[in-house]
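**Q** For reference, the structure I am asking about is given below.
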Amino acid sequence: MDALSRMIEAAVEGSFLFGFVVGGEPLNCLKVSDLLFADDTLIFGDPNEEHLLALRALLLCFEAVSRLRINLSKFEIVPMGSISNISDLANIMGCKISSLPTRYLGLPLGASHKLVTIWDGVIEKIERRLTGWKMLYLSKGGRITLLKSTFSNLPTYFLSLFRLPAGVARRIERIFQNFLCGGKGEVKKFHLVNWNKVCQPISCGGLIGTLDLESIWT
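Going by UniProt numbering, the first residue of the sequence shown is number 1, and it counts up by one from there.
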């Protein structure tokens, strides 16, 4: 993939492609044309048909040199704002047209972190870990162990970038509470001990330790 990145850089230097500029001063600005990861690639450019033709030719050259098959049907064009010729651009690349917000490497792009919907995937993963036979057959001690494991496996890369809304934190804590008490999901369940007491350090009489999502992540 390093070869592809160098080919894109050469195309940018030759003004065949354009990325976007980060930073205001000409001498200190940074031009970003592509981001390459293991299985995913982001290429930034202007909505210009000539640039797309150059990009397609570049990819075909890379395919011939590397002997790797490039499946253009898996490409997606994601417009920033309104672009009148987006259909023509997609036809050049032979790819689909997507829109913002979208997801890339599991992270939302083009969406506000305050939107509850972008956290649905995180909540679904938590619910999958805490449902089914685990809820029915685990002892209280087993549930506490699973809760700690689930908490430690929260997507920290996601939470390091986006501030957890208080409402989402309360939903996750409600799922934890109900699982510990034998409930399911977010369905209300009678709790014998106050949740704040449960989440106190074990040395202070708590059962789990610090699981206060609102104070840690919000």
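All C-beta atoms, glycine included, are put in the ideal place defined by N, C-alpha and C.
Taking the continuous beta strand (DSSP E) assigned at ASP34, which residues delimit it?
**A** The residue labelled residue 34 in the question sits at position 34 within the sequence shown. That run of the beta strand (DSSP E) goes 34-36.
**Q** Starting from the N-terminal side, write out each stretch of the beta strand (DSSP E) that is 3 residues or longer and does not extend beyond the stretch 13-82.
**A** Here the runs fully enclosed are 20-22, 30-32, 34-36 and 41-43.
**Q** For residue 232, which residues in the same chain have their Cβ closer than 6 Å to its Cβ, ignoring the five residues on either side in sequence?
**A** In the structure displayed, the chain extends from 1 to 218; residue 232 sits before or after that span and is not available.
**Q** Does LEU89 pass the burial test, meaning 16 or more other C-beta atoms within 10 Å, or should it be called exposed?
**A** Mapped onto the sequence shown, residue 89 falls at position 89. Classification of LEU89: buried, given that the 10 Å Cβ count is 16 or more.
**Q** If you pair each beta-carbon of the stretch 76-92 with each one of the stretch 117-127, do three or more pairs fall below 8 Å?
**A** Contact fails: fewer than three Cβ-Cβ distances are below 8 Å.
**Q** Any idea what DSSP makes of LYS96, helix, strand or coil?
**A** Here residue 96 refers to the residue found at position 96 of the sequence shown. Three-state result, LYS96: strand.
**Q** Within the same chain, show all residues whose beta-carbon is closer than 8 Å to that of GLY185, passing over the 5 residues directly before and after it, in chain order.
**A** Within the sequence shown, the letter at position 185 stands for residue 185. Per-residue confidence for GLY185 stands at a pLDDT of 49, beneath the threshold of 50, marking its modelled position as unreliable; the derived number appears in the next sentence. These residues qualify, in order along the chain: GLU127, THR131, ILE175 and ASN178.
**Q** Give me, in chain order, the residues of the same chain whose beta-carbon lies closer than 7 Å to that of ARG56; leave out the 5 immediate sequence neighbours on both sides.
**A** As a working mapping, residue 56 is identified with position 56 in the sequence shown. Answer for ARG56: ILE92 and MET93, listed in chain order.
**Q** Would the stretch 139-150 and the stretch 107-121 be scored as touching if the rule is three or more Cβ pairs under 8 Å?
**A** They do not touch, by the three-pair rule.
**Q** Out of curiosity, what's the CA-to-CA distance linking VAL198 and ILE208?
**A** Here residue 198 corresponds to residue number 198 of the sequence shown, with the count starting at 1. Here residue 208 corresponds to residue number 208 of the sequence shown, with the count starting at 1. Distance between the alpha carbons of VAL198 and ILE208: 6 Å.
**Q** What is the residue span of the beta strand (DSSP E) that ARG103 lies within?
**A** Within the sequence shown, numbered from 1, the residue matching residue 103 stands at position 103. It spans 102-104 - the beta strand (DSSP E) in which ARG103 sits, taken as one unbroken run.
**Q** Would you tell me roughly how many angstroms separate the C-alpha atoms of LEU161 and PHE62, rounded to the nearest one?
**A** Residue 161 sits at position 161 when you count from the first residue of the sequence shown. Residue 62 sits at position 62 when you count from the first residue of the sequence shown. Going from the Cα of LEU161 to the Cα of PHE62 covers about 34 Å.
**Q** Who pairs with LEU107 in a beta bridge, going by DSSP?
**A** The residue labelled residue 107 in the question sits at position 107 within the sequence shown. The partner list for LEU107 (beta bridge, DSSP) reads TYR104.
**Q** Can you tell me which of the three DSSP states CYS204 falls into?
**A** The residue you call residue 204 lines up with position 204 of the sequence shown. Reduced to three states, the DSSP call for CYS204 is helix.
**Q** Grouping DSSP H, G and I as helix and E and B as strand, with all else coil, what is THR131?
**A** Sequence index remark: in the sequence shown, residue 131 carries index 131 (1-based). If DSSP states are grouped into helix, strand and coil, THR131 belongs with coil.
**Q** Are any of the Cβ atoms in chain C nearer than 8 Å to that of ILE202?
**A** The chain labelled as chain C is not found in the depicted structure, where only one protein chain is given.
**Q** Can you check whether the CB of PHE44 is closer than 8 Å to the CB of SER33?
**A** Numbered from 1 along the sequence shown, position 33 holds the residue referred to as residue 33. Numbered from 1 along the sequence shown, position 44 holds the residue referred to as residue 44. Result yes, Cβ atoms of SER33 and PHE44 sit closer than 8 Å.
**Q** Helix, strand or coil for ARG171 per DSSP?
**A** In the sequence shown, the residue the question calls residue 171 occupies position 171. DSSP places ARG171 in helix when its eight states are reduced to three.
**Q** So ILE70 and ILE86 are supposed to be a Cβ contact under 8 Å. How far apart are they, rounded?
**A** The residue given as residue 70 occupies position 70 in the sequence shown. The residue given as residue 86 occupies position 86 in the sequence shown. That belief does not hold up - the Cβ atoms of ILE70 and ILE86 are roughly 21 Å apart, past 8 Å.
**Q** Out of curiosity, what's the CA-to-CA distance linking VAL193 and GLN200?
**A** The sequence position of residue 193 within the sequence shown is 193, counting from 1. The sequence position of residue 200 within the sequence shown is 200, counting from 1. Straight-line Cα distance between these residues: approximately 12 Å.
**Q** In whole angstroms, give me the CA-to-CA distance for LEU107 and PRO165.
**A** Position 107 of the sequence shown, counted from the start, is the residue given in the question as residue 107. Position 165 of the sequence shown, counted from the start, is the residue given in the question as residue 165. Looking at the two C-alpha atoms, the distance is approximately 16 Å.
**Q** Are the beta-carbon atoms belonging to ARG163 and THR150 less than 8 Å from one another?
**A** Residue mapping note: residue 163 aligns to position 163 of the sequence shown, counting from 1. Residue mapping note: residue 150 aligns to position 150 of the sequence shown, counting from 1. Cβ atoms of ARG163 and THR150: not closer than 8 Å.
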